[in-house]
Amino acid sequence: MNFTEKARKHIDSCRFCWMCRHICPIGNATGQERNNARARALCLSLVMRGAEKPEAVAENVYECALCSACVKECATGWDPVYFILEARKELATEGKLPSYIEKMLDNYEKSGCVYSAAEENVSLTEAKKRHSIKTDTLFLLSHAAIYRDCADTVKSIELLEKTGIKFTVAENEPSSGADIRFLIGDTGETQEAARNCAKLLNEYKTVIFLNPDDAEIVVREYKEWGTEVNAKLVTFTSFIAANLDKLKVKNKGVAIAPQDPFALGRELNETEPLRKIAAAAGKVTEMLNNRKDTFIAGSAIMAEYMPEVMKAVALRRFGDAAAAGAEVMLTCSPSEHAVVKDVAFDGVKALSVAELLLE
Amino acid sequence: MEFNEFLFTNVLCELEDAVGRENCSVREADKITHSVDYFWLSRMWADRGKHMPEADVVVCPLNAEETSKVLKIANYYKIPVTTWGGGGGTQGGAIPVAGGIVVDTKRMDKIYEINTQSMYIECGAGAIYKHVEWAANEKGYATMHYPSSLNCSTVGGFLAHRGIGVVSTKYGKIDDMVLQMEIVLPNGDIITTSPAPKHAAGPDLNQIFIGSEGTLGIITKAQMRIYEQPEVRYFRGFLFRDMTSAFRAGKEILQKFKPSVMRLYDEAETGSLIKKIVGVEKKGAFMNVAVEGVKEITDVELKILLETFRKYGAEDLGAEYGEKWWKEKITFFYPGHMMDLPEMFGTMDTIAPYDKIEKIYREMKKAIETNFPMARFIAHFSHWYEWGCMIYDRFIVDDVPKDPKEAMRLHNAIWNCGVRTALKNGGVVNDHHGVGIKLGRLMKEQYGPAMQVFTGLKKQLDPNGIMNPFKLGL
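Protein sequences, first through last, are from chains A and B.
Numbering-wise (this note's numbering), the first sequence opens with residue 8 and increments by one.
Numbering-wise (this note's numbering), the second sequence opens with residue -15 and increments by one.
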């Protein structure tokens, strides 16, 4: 693996340090020693030294959610996400990817979408048809929402309709690049996906992102890659929070724990709109690790190849909500909702923003 | 016994039956990550591109019952078993030097009960201590166990190595913080220690297993004390002209009350780490003290502290440095702040009564600097009692032999010299990091014929010698 000098430095700095172990959502859920930044760095450091084969550690490289909790935690500023993305890129370049990642890349090559059986739900197609006419505003759904959280995506479209805004949903939505970046890092393919998506976004004055992962990559990474987006960029959560008066929300007094997706809590520093929504419908009850310290509750793309681990991650977050005395865990990420909707937890139910407000 | 492929697979099937296939791994990534702990030699070995001794299989039981099944299998086939908590130990205690099975305890992380009536949390021994702290905090309490490894080490790891945190002077070591433990013996029997720790029902079972480093069994559950959050926590930094007056001042204050934090840095560490992290520019011996608790009482304690230290000529540096230190207390240990490879370094912490401690410090410093002129020696004194205190003394070598075997020779020679000097002058093998494989050879030198108590226990409880072989000098 031909790591850059920067990646080598970060790998060697992290390989014997466990200071971020306690905040790794995957490690916390599995209890596995290999699931922390230090373990990945140690394995990769041996690969760098020729003492281990890349394929022996490839699976471990994909057991990371790239949620950047470890990056935020590091007092020195070491960045495990940086070297893990680079490792994924190198594994792809060398053709040493785990078979399940290869399969997702095959899907992407064939259909432009990493998710298998990428056939759209009929009711979602109907909902999209209602917004096929070009307007000033694009509602970008994301592939995770379309193919793994479609029922809730329909509800999100319905909720947006209730605000009275006129908007467009693309018939064949391209990938923002977030999914492909997750799989193979910052490659030419990823940047090509970004450029392709940017063309669509630039046809509109405003873009509303349903998936915070898309918002994050467009706001942060597109700039790094020199891909300009001129539209005004808004998250679904912040748009709904700003239009709550039009939705006539009833406050039922239920205890609601806002589940900050890492893309909003840590990367885009947008945490209050979700709380405003929760406060409109009930009583905000904070989980111990919230806002920039949030833990993920799931990841649709990881659920493709490690569903049991994602279930354990979700259960752990439900436990946090229960410990805080919440009855509802409020999610605003289709990627997380796609996982938590299928996990049952006594006393706490997971609701999306649309589910909460349309209830 | 030679394990051929057929027999190995057969044993693997038995282990999978005990804990579930998904909790039983022969993956290379699992073997690698359980082969290197925080021990300098294991890190150096990996840094030189060499594999450390690895387990043949890594097993992650969920509870005492599953752990019991694993130990019964291991005993039958006489397979070595090494227990791994967080792997954050510095003594090589968790390294599977003899191969065999690594039992990783981190799936045993359940918080069973937060008992605010009796002020304890009952949890699995694999719980990361920071998570236990969070659980306590959520109810308005605290564990008051704050070592630098709080984020990464487990309840069982701290117990097995007799750990200590930065507020120990007031709240005690880990062995003062545990009420009851559940332990799986090497033969698979599951036992619990006394329902209360202070009793006259024979020797204290807790204290037999605390510090036993996985050589006598596996701790699977523990009741750990919790405390009320202090109303106030006041910091005060002081600068002493010399170490002697600092020791005297420290000893005197401990006769009056117990501060929570009390850390005295020698001139060398004041001028290096403290200068870098906390910003103290002056020459001398820096001491950081915190007093905490109920405000009315703490106000009086602060007054006594200032009056007492003034008698010994300490310069009062105010609250700022202490508060900065508290904020940065873990920053010291992140890569980039802490000593790191290619440097060689080690912490030879020891403890002794006040009438010996200063001499131990000076003799160790002299022995290291004289015999190993390439080594720097720095020290601080951070856990104080009415009768004595501990030294956290460290050596640092910049120019390390390139050959890993030669590096090991130098490393072990420095350790032998340092610890033997401590022992000769009334100290112990270690204060709060444990023994592991690093210091096992020196245990007999400290204990002499008393070592037969430990070997007797080992022979009785683990006649096949499967539990963490070559550790603790057993």
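Beta carbons: idealized from backbone N, C-alpha and C, even for Gly.
- Interface annotation, MET26(A): in contact with chain B, CB-CB separation under 8 Å.
- In the three-state reduction of the DSSP assignment, GLN75(B) falls in the coil class.
- GLU274(A) is positioned such that its CB atom lies closer than 8 Å to that of SER75(A).
- By the Cβ-count criterion, ARG393(B) is exposed, with fewer than 16 other Cβ atoms from all chains shown falling within 10 Å of its own Cβ.
- The beta carbon of GLY195(B) sits closer than 6 Å to those of ARG146, all from its chain and outside the five residues before and after it, given in chain order.
- For LEU426(B), the CB contacts under 6 Å within the same chain, skipping 5 residues up- and downstream, are VAL403 and VAL413 in chain order.
- For TYR318(B), no beta strand (DSSP E) encloses it, and the DSSP letter there is neither H nor E.
- Put simply, the backbone Cα of TRP29(B) is about 12 Å away from that of ARG56(A).
- Using a 10 angstroms sphere on the CB of PRO319(B), the tally of other CB atoms reaches 16 or more, which defines it as buried.
- In this structure TYR125(B) touches GLU212(B) by the C-beta definition: roughly 6 Å separates them, less than 8 Å.
- The bridge partners DSSP lists for TRP68(B) are ASP88(B).
- Closest in alpha carbon position to CYS24(A), among THR17(B), GLU6(B), GLU12(B) and GLN164(B), is THR17(B).
- Taking each of PHE224(B), LYS259(B), ARG209(B) and GLU327(B) in turn and checking the Cα distance to LYS308(B), the smallest one comes out for LYS259(B).
- Against chain B, the beta carbon of ARG324(A) has no neighbour under 8 Å; the closest one sits roughly 14 Å away.
- DSSP places LEU207(A) in the helix class (H, G or I) of the three-state scheme.
- With 16 or more other Cβ atoms from the protein chains shown falling within 10 Å of its own Cβ, ASN135(B) counts as buried.
- For ALA144(B) and GLU235(A), the gap between their C-alpha atoms comes out near 57 Å.
- For TRP232(A), not one C-beta of chain B is nearer than 8 Å to its own C-beta.
- Nearest C-alpha to ALA65(A) among GLY119(A), VAL176(A), LEU112(A) and MET8(A): MET8(A).
- The criterion of a C-beta distance shorter than 8 Å is satisfied by ARG95(A) and GLY192(A).
- Near chain A, meaning a CB-to-CB distance below 7 Å, the residues of the region 8 to 20 of chain B are GLU12, ALA13, ASP14, ILE16, THR17, HIS18 and VAL20.
- The alpha-carbon separation between PHE325(A) and GLU117(B) amounts to approximately 19 Å.
- Against chain B, a Cβ distance below 7 Å from CYS81(A) picks out TYR318.
- Contact of ASP88(B) with chain A is assigned, a C-beta pair being separated by under 8 Å.
- With distances taken between CA atoms, ALA307(A) lies nearest to MET111(A) out of GLU199(A), ARG282(A), LYS169(A) and MET111(A).
- The alpha-carbon separation between LYS79(A) and ALA270(A) amounts to approximately 12 Å.
- For CYS157(A) against GLY184(A), the beta-carbon gap comes to about 21 Å, at or over 8 Å, which does not count as contact.
- When ILE352(B), GLU276(B), ASP14(B) and ARG360(B) are compared, the shortest CA-CA separation from LEU257(B) is found for ARG360(B).
- DSSP places CYS373(B) in the strand class (E or B) of the three-state scheme.
- Here PRO337(B) is bridged, per DSSP, to GLY372(B).
- Around the beta carbon of HIS183(B), a 10 Å sphere encloses fewer than 16 other beta carbons of the protein chains shown; the residue is thus reported as exposed.
- Within 9 Å of the CB of TRP68(B), the CB atoms of chain A belong to GLU40, in sequence order along the chain.
- For GLY72(B), the C-beta contacts it makes with chain A under 9 Å involve TRP25 and ARG28, in order along the chain.
- With respect to the C-alpha of ALA222(A), the residue from LYS239(A), LEU363(A), ARG15(A) and GLU133(A) having the closest C-alpha is LYS239(A).
- Here DSSP, grouped into helix, strand and coil, assigns MET208(B) to strand.
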